[in-house]
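J.: Following my numbering, the numbering of the sequence shown begins with 1 at its first residue and continues without gaps. For every residue, glycine included, the Cβ atom is placed at its ideal position computed from N, Cα and C.
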Amino acid sequence: MAHKNTFFPVKKTCNFRGKLVHIDSPLIMGIINLTPDSFYQGSRVNSHEELILRAETMLKEGAHILDIGACSTRPGAEQPDEDTERRRLFPALQVLRKNFPDAVLSVDTWRASIAKEAVYEYGVDMINDISAGNMDPDMFQTVAECKIPYLLMHMQGTPQTMQKNPVYQDVVQDILAFFALKTEELVRKYHVHDIFIDPGFGFGKTLEHNYILLENLDAFRILGFPVVAGISRKSMIHRILACTPEEALNGTTVLHTIALLRGASVLRVHDVKPASEAIRLVSFLKKANTDQKGK
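If you want it as structure tokens, here you go:
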């Protein structure tokens, strides 16, 4: 399946609170972490000045969405309480919205209360939920009320437990079935249609699971929603290359290229410029082949 040059069609536009974004070409979601313990030190910001500079750089380099997180989700990470997440997140959102009023902002949170306040008080455009509603039963209703796009990710277990012997009968089919149920509930019960799906590389998967998912990423397009690849600098790279996250940029770019060839619609990244260049090259490759076939 992954070797074919034909893909299932997916949704080509997304309404970010009145901003209609076209997804004819893959989008870039730039990662900004407000946590002291995120796995990649280069993603962390420690002051408002640093936050503004990071956001400005990402936007200039081609990021379409800024994804702001105040809870580390690395394997084994303890989740901060709601007050801690709020103290980290909301001042940063205020700074970003003031300095970049037209930027598309996403918040990486699994808490419905945080999501609702981020949207109504700080103008956030999108919610990125690592738990796909499993860690807070109010999340689907909140997304529906807020009328914003929703990125749901697959995770087996929790950040504390997810890497303790993850097991699947068939990792692709099991996760595809998970998303089929979740997206049907979102569409039919909650009338949420602007949906992105992320198979959750590194979230309750072995090294082999991650590469099977990458090879078969196009399978998830059958659901009709844009597929997000969150691979940037993860252990699936540095465990093979025997490097640190800081040394994993080349490996990241290789895997981003594979993800794009396998039909990814969004790259969630720490490094925007290399991702943008990968998209331009792969897009030209696909166009050249399409033009040749049309002759």
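1. Rounded to the nearest angstrom, how far is the Cβ of Ala112 from that of Thr142, given a contact under 8 Å?
2. Taking Thr252 and Ile279 to be in contact with their CB atoms under 8 Å, please state how far apart those CB atoms are, rounded to whole angstroms.
3. Alpha carbon to alpha carbon, how far is Val167 from Ile175?
4. Pull up the distance between the alpha-carbon of Glu117 and that of Ile68, whole angstroms please.
5. Out of Gly133, Val269, Ile195, His256, point me to the one whose CA is closest to Leu281's CA.
6. Quick check on Asp297: buried or exposed, where buried means 16 or more other Cβ atoms within 10 Å of its Cβ?
7. For the putative contact between Leu223 and Arg262, defined by C-beta atoms under 8 Å, what is the C-beta separation to the nearest angstrom?
8. Can you give me the Cβ contacts of Val104 inside the same chain, cut-off strictly under 8 Å, excluding the 5 residues immediately before and after it?
9. I need the DSSP call for Met155, collapsed to helix, strand or coil.
10. Would you report the Cα separation of Phe90 and Gln292, rounded to the nearest angstrom?
11. Just the Cα atoms here: how many angstroms apart are Ile197 and His48?
12. Between Leu156 and Gly123, what straight-line distance do the alpha-carbon atoms span, to the nearest angstrom?
13. Take Ala288 and list the residues in its own chain whose beta-carbon comes closer than 7 Å to its own, dropping the five residues that flank it on each side.
14. In or out: Glu85 buried (at least 16 other Cβ within 10 Å) or exposed?
15. What's the call for Thr13, buried or exposed, on a 16-neighbour Cβ count within 10 Å?
16. Take Thr244 and list the residues in its own chain whose beta-carbon comes closer than 8 Å to its own, dropping the five residues that flank it on each side.
17. Around the C-beta of Leu214, are 16 or more other C-beta atoms found within 10 angstroms, so that it is buried, or is it exposed?
18. By Cβ distance below 6 Å, which residues in the same chain neighbour Ala144 in space, the five residues on each side in sequence not counted?
19. Can you find the residues in the same chain that come closer than 6 Å, C-beta to C-beta, to His3, ignoring five residues on each side of it along the sequence?
20. Go through its chain and collect everything with a Cβ distance to Ala180's Cβ below 8 Å, but skip five positions before and after it.
21. Give, in chain order, every unbroken run of the alpha helix (DSSP H) that is at least 4 residues long and sits entirely within the stretch 243–278.
22. Per DSSP, what kind of secondary structure is Lys98 in: helix, strand or coil?
23. Note down, in chain order, each residue of its chain lying with its Cβ closer than 8 Å to the Cβ of Val171, except the 5 sequence neighbours on either side.
24. Once you ignore the five residues that flank Gly30 on each side, which residues in its own chain have a CB closer than 6 Å to its CB?
25. With DSSP as the reference, label Val10 as helix, strand or coil.
26. What residue range does the alpha helix (DSSP H) around Lys164 cover?
27. So who's on the other strand from Tyr211, going by DSSP bridges?
28. When you compare only the Cα positions, how much space is there between Val187 and Val227?
29. Could you tell me how far apart the beta carbons of Gly200 and Met153 are, in whole angstroms, since I believe they sit closer than 8 Å?
T.: Here's the rundown:
1. 4 Å
2. Wrong, their Cβ atoms sit about 13 Å apart, outside the cutoff.
3. 12 Å
4. 14 Å
5. His256
6. There is no way to answer for residue 297, as the model of the chain reaches only from 1 to 295.
7. Leu223 to Arg262, Cβ: 15 Å. No contact.
8. Closer than 8 Å at Cβ, skipping near neighbours: Phe16, Lys19, Val21, His64, Ile65, Leu66, Asp125, Met126.
9. coil
10. Rounded to the nearest angstrom, the two C-alpha atoms are 50 Å apart.
11. Going by the C-alpha atoms only, they are around 31 Å apart.
12. Checking the displayed sequence, the identity of residue 156 turns out to be Gln instead of Leu. Each residue's Cα considered, the two are about 31 Å apart.
13. Leaving aside the five residues that flank Ala288 on each side, none in its chain has a CB nearer than 7 Å to its CB.
14. When all chains shown are included, Glu85 counts as buried.
15. exposed
16. For Thr244, where only same-chain residues beyond five positions count, the Cβ hits under 8 Å are His238.
17. buried
18. Around Ala144: Tyr190, Val192.
19. Model confidence at His3 stands at a pLDDT of 45, short of 50, so the residue's coordinates are unreliable and nothing is read from them.
20. Leu223
21. 249–261
22. helix
23. Result list for Val171: Lys205, His209, Ile212, Leu213, in chain order.
24. Met58, Ala63, Leu66, Val272
25. coil
26. No alpha helix (DSSP H) contains Lys164, which DSSP labels as neither H nor E.
27. Tyr211 pairs with nothing; no bridge assigned.
28. 17 Å
29. 5 Å
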